[in-house]
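What follows is a set of notes on a single structure, which appears directly below.
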Amino acid sequence: MDEAVVTKGLTKIYKEGSVEVTAVSSVDIELKEGEVVGLFGPSGSGKTTLLSLIGCILRATRGSLRIYGEEITALDEMRLPEIRKKFISFIFQGFNLFPALTAYENIKIVLKIKGITGGHAKERAEGLLTKVGLSDRMHFLPRDLSGGQKQRVAIARALATDSPIILADEPTGNLDFSNGRTVTEILKGLAKEQKRCVVICTHDNRIADVFDRILFMEDGQVARETKIW
């Protein structure tokens, strides 16, 4: 498997007045195509910060981040949206759907940003929603969908970008076990069938068997790694 993400000494320090707070400290990891990696750890351990660094939402204080061989930490701030658009899709616990748009329209708006319109966009949006089991809900507004259904719309939207890296922050946090399992199995399928790199930040021990590897974070560092398969 090819390496999608490689970090060396990745560190993020926040300044709160005269006090420095190290959120992520000297993290060395390799994330590969076709694998599902879990980020586990207590609140404040640095999981979400590390996910945001990998996703180019935050910039590292020091260290190296390479995405498909491209050094990211040295890039100008103006280049980061381009990197995110090219490589990264996000799935959030809060779904982040447009409330006034149907499930179908939530997908189409992402396709429009990519320059895909007309019949091709219609076919792709319908196909993605069918893939996540929502063919009978595609014209429902988010308020008329369950939590599990909204999360599946969010997954379909992430798929619309064809990004090779999918970063999910607590995607099962608002879901019951059955819906949470469905969501994680969809993500695992994407990794295995389409060779995407999937990273899931979670507290949910119920889905541990979905992962190829689990990275346990403590005090901003990867304290240990467990291989599941």
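Residue numbers (the working numbering): 771 to 999.
Every residue gets a Cβ at the ideal spot worked out from N, C-alpha and C, and that includes glycine.
May I ask you to list the residues that DSSP assigns as paired with residue i?
| i | result |
| --- | --- |
| residue 826 | Its beta-bridge partners do not exist; DSSP assigns none. |
| residue 931 | Answer is none; residue 931 lacks a bridge partner. |
| residue 801 | 775 |
| residue 840 | 837 |
| residue 997 | 983 |
Sorted by chain position, which residues of the same chain lie with C-beta nearer than 8 Å to residue i's C-beta, five sequence neighbours on each side aside?
| i | result |
| --- | --- |
| residue 958 | 806, 968, 980 |
| residue 796 | 779, 780, 781, 833, 991 |
| residue 887 | 881 |
Between the beta-carbon of residue i and the beta-carbon of residue j, is there less than 8 Å?
| i | j | result |
| --- | --- | --- |
| residue 927 | residue 919 | no |
| residue 816 | residue 965 | no |
| residue 970 | residue 814 | no |
| residue 937 | residue 825 | yes |
Check residue i in the structure and name its three-state DSSP category.
| i | result |
| --- | --- |
| residue 939 | strand |
| residue 796 | strand |
| residue 813 | coil |
| residue 981 | coil |
| residue 859 | strand |
| residue 902 | coil |
| residue 746 | Residue 746 lies beyond the residue range present for the chain, which begins at 771 and ends at 999; the question has no answer from this structure. |
| residue 868 | coil |
Give the C-beta separation of residue i and residue j to the nearest angstrom, bearing in mind that I take them to be a contact with Cβ-Cβ under 8 Å.
| i | j | result |
| --- | --- | --- |
| residue 956 | residue 935 | Not really, about 16 Å apart at Cβ, beyond 8 Å. |
| residue 930 | residue 837 | At roughly 20 Å, the Cβ-Cβ gap does not stay under 8 Å, so residue 930 and residue 837 are not in contact. |
| residue 863 | residue 941 | 6 Å |
| residue 799 | residue 792 | Incorrect: roughly 17 Å between the Cβ atoms, too far for contact. |
If you drop the 5 nearest sequence neighbours on each side, which residues of the same chain put their C-beta closer than 6 Å to that of residue i?
| i | result |
| --- | --- |
| residue 810 | 984, 986 |
| residue 922 | 902, 904 |
| residue 878 | 891, 895 |
Can you list, in chain order, the residues of its chain with a C-beta nearer than 7 Å to that of residue i? Leave out the 5 residues immediately preceding and following it.
| i | result |
| --- | --- |
| residue 867 | 876, 912, 920, 923, 924 |
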